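Report on one structure; see the data block that follows.
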Amino acid sequence: MPMTGEILKIARERANPLAQLALARVPRCSFFSTRRNRLRSLFAQKLIYWYFKLKNRLEIRERHYLYEILKKDSDLLVVANHSSTPDVMIHQATHAHLNHLVYSFISSGGFNYRHLPILPTILHFSEQIPRFGPGPKSVNRMVDRLLLGDHVLLFPEGTYNRGLVMEGFTGVARVAFHYQEKKGKPLLILPSCSIGGREAYNPHKKYMRRVLHQKVESRPGQKIIIKFGEPFTLKFEETPSREDFREKTMEVMHHIAAIWGQKHVYPSRKRNNIDRWVNKQDGMRIYKG
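Numbering (the numbering used here), first residue to last: 56 to 344.
So, in structure tokens, the structure goes:
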């Protein structure tokens, strides 16, 4: 398996100039550099917020939950549903509008995207972090961010849902457990939910239309609502098993679903396919389960 340095070297050779600009920051992921560029990142994300505000009448509800956490100045993991293509940008821009900066770990492929040169630039200026290596390494990087006082945004579903909140992967529970193990106290988790995002930017419009979504439509002007829920923590046993992690992950997904009145978490119809894919990739992207 190629090491991170080799992956970066290959990516730079294949990248366009704008992607190279984004990738140039990866080895210098010092947190001093991140803080120095915090104002620039907030400004870039605020511009993105006003784009969605004008196009989709973006509305923020129950923001007082976030304000209460910011007053306490505690470490925070934000979890959200994943129903549309620009979810990461919308959620990050929403937090930036509230003068709150969150970091999201995304696939490194976005930083080497030739077909839409503006995308790597947006990822660079919004401080999104490329994800490399196996699942445990990604979890450790998130925990390190949290321990240093930064706030992290995570989409536990790991893939686009079909309009309803569905089962998530156990990475979110593992992050909470390892944080508690190192910090000695539970990690505060803030659930949030995007309502209307799937109708506005349906991720299945082009790729899955003929297979599963024959009648799928996308309405770019659809109103989008970002709604926050009540923050919570997870309680773990001393040595949680895989089933314990799944149970805690399901608890997180129920908190997200409850924000907009969904009573049951939707089972992933692709669960077996995803498990096979994870096995094939030797766990490079996410934990199995």
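The C-beta atom is built at its ideal place from N, Cα and C for all residues, glycine as well.
Computed from a prediction, not measured in an experiment: that's the story for all the values here.
| Could you check where the alpha helix (DSSP H) with Ser193 kicks off and where it finishes? | Taking the sequence shown and counting its residues from 1, the one referred to as residue 193 is at position 138. Note, Ser193: alpha helix (DSSP H), Gly190 to Leu202.
| field | Thr225 classed as buried or exposed, judged by whether at least 16 other C-beta atoms fall within 10 angstroms | value | Within the sequence shown, numbered from 1, the residue matching residue 225 stands at position 170. So Thr225 ends up on the buried side.
| said: If I follow the unbroken alpha helix (DSSP H) through Arg301, where does it start and stop? | reply: In the sequence shown, counting from the first residue as 1, residue 301 sits at position 246. Taken as a continuous stretch (DSSP letters only), the alpha helix (DSSP H) holding Arg301 covers Arg297 to Ala313.
| task | Return the bridge partner residues of Tyr158 from the DSSP annotation. | result | Along the sequence shown, one-based indexing puts residue 158 at 103. The partner list for Tyr158 (beta bridge, DSSP) reads Val207.
| field | Cβ-Cβ distance between Lys282 and Trp315 below 8 Å | value | The residue given as residue 282 occupies position 227 in the sequence shown. The residue given as residue 315 occupies position 260 in the sequence shown. Yes, these two residues count as a Cβ contact at 8 Å.
| field | Reference Lys108, options Arg95, Met144 and Asn136, closest by Cα | value | Numbered from its first residue, the sequence shown carries residue 108 at position 53. Looking at the Cα atoms, Met144 is the closest of the given residues.
| Given that a residue counts as buried once 16 or more other Cβ atoms are within 10 Å of its Cβ, and exposed if not, what is Lys303? | Translated into positions along the sequence shown, residue 303 becomes position 248. So Lys303 counts as buried.
| In three-state DSSP terms, what is Ser96? | Position 41 of the sequence shown, counting from 1, holds the residue named residue 96. The answer is helix: DSSP assigns Ser96 an H, G or I state.
| task | Determine the extent of the alpha helix (DSSP H) in which Lys290 is found, giving its start and end residues. | result | Residue mapping note: residue 290 aligns to position 235 of the sequence shown, counting from 1. Taken as a continuous stretch (DSSP letters only), Lys290 belongs to no alpha helix (DSSP H), as it is neither H nor E.
| request: Quick one: residues in its chain with C-beta nearer than 7 Å to the C-beta of Phe210, no 5 flanking neighbours on either side, listed in chain order? | output: The sequence position of residue 210 within the sequence shown is 155, counting from 1. Same-chain partners within the cutoff: Ala135, His137 and Asp142.
| said: To the nearest angstrom, how far is the alpha carbon of Ile161 from that of His119? | reply: For the purposes of this step, residue 161 is identified with residue 106 of the sequence shown, where counting begins at 1. For the purposes of this step, residue 119 is identified with residue 64 of the sequence shown, where counting begins at 1. Approximately 27 Å between the Cα atoms of the pair.
| What are the start and end residues of the alpha helix (DSSP H) that includes Lys238? | Indexing the sequence shown from 1 puts residue 238 at position 183. Note, Lys238: alpha helix (DSSP H), Gly226 to Lys238.
| query | In whole angstroms, what is the alpha-carbon distance linking Leu348 and Gln100? | reply | Not covered by the structure: residue 348. The range shown for the chain is 56 to 344.
| Cβ-based neighbour list, Leu97, same chain, cut-off 8 Å, excluding 5 preceding and 5 following | As a first step, residue 97 must be located in the sequence shown, where it is residue number 42. Result list for Leu97: Ala151, Asn154 and Leu156, in chain order.
| field | Rounded C-alpha distance that separates Leu208 from Asp128 | value | Here residue 208 corresponds to residue number 153 of the sequence shown, with the count starting at 1. Here residue 128 corresponds to residue number 73 of the sequence shown, with the count starting at 1. Taking the straight line from one Cα to the other gives about 16 Å.
| According to DSSP, is Arg217 helix, strand or coil? | For the purposes of this step, residue 217 is taken as the residue at position 162 of the sequence shown. Residue state, collapsed to three classes: coil.
| task | Give the single residue among Ser323, Thr294, Glu293 and Glu292 whose Cα lies nearest to the Cα of Met305. | result | Stepping through the sequence shown from its first residue, residue 305 is reached at position 250. For Met305, the closest C-alpha among the options Ser323, Thr294, Glu293 and Glu292 is that of Ser323.
| task | Find out if the Cβ-Cβ distance for the pair Val227, Val320 is shorter than 8 Å. | result | As a first step, residue 227 is located in the sequence shown; it is residue number 172 there, counting from the start. As a first step, residue 320 is located in the sequence shown; it is residue number 265 there, counting from the start. Not in contact: Val227 and Val320 (Cβ atoms no closer than 8 Å).
| said: If I measure Cβ to Cβ from His206 and keep anything under 6 Å in the same chain, skipping five residues before and after, which residues do I get? | reply: One-based indexing of the sequence shown puts residue 206 at position 151. The answer, listed in chain order, is Leu131 and Val157.
| Under the three-state reduction of DSSP, which class applies to Ile103: helix, strand or coil? | As a first step, residue 103 is located in the sequence shown; it is residue number 48 there, counting from the start. The answer is helix: DSSP assigns Ile103 an H, G or I state.
| field | First through last residue of the alpha helix (DSSP H) which encompasses Lys282 | value | For this step, residue 282 is matched to residue 227 along the sequence shown. Per DSSP, Lys282 belongs to no alpha helix (DSSP H); it is in the beta strand (DSSP E), Ile280 to Phe283.
| request: In the DSSP assignment, find the unbroken beta strand (DSSP E) run with Arg116 in it and report its ends. | output: Along the sequence shown, read from residue 1 onward, the residue named residue 116 stands at position 61. For Arg116, the enclosing beta strand (DSSP E) stretches over residues Glu114 to Arg116.
| message | Output needed for Glu285: all residues of its chain with C-beta closer than 7 Å, excluding positions within five of it in sequence on either side, in chain order. | response | Here residue 285 is taken as the residue at index 230 of the sequence shown, counted from 1. Tyr120, listed in sequence order.
| query | Where does Tyr122 land, buried or exposed, given buried means 16+ other C-beta within 10 angstroms? | reply | Taking the first residue of the sequence shown as position 1, residue 122 is located at position 67. It is exposed - the Cβ of Tyr122 has fewer than 16 other Cβ atoms within 10 Å.
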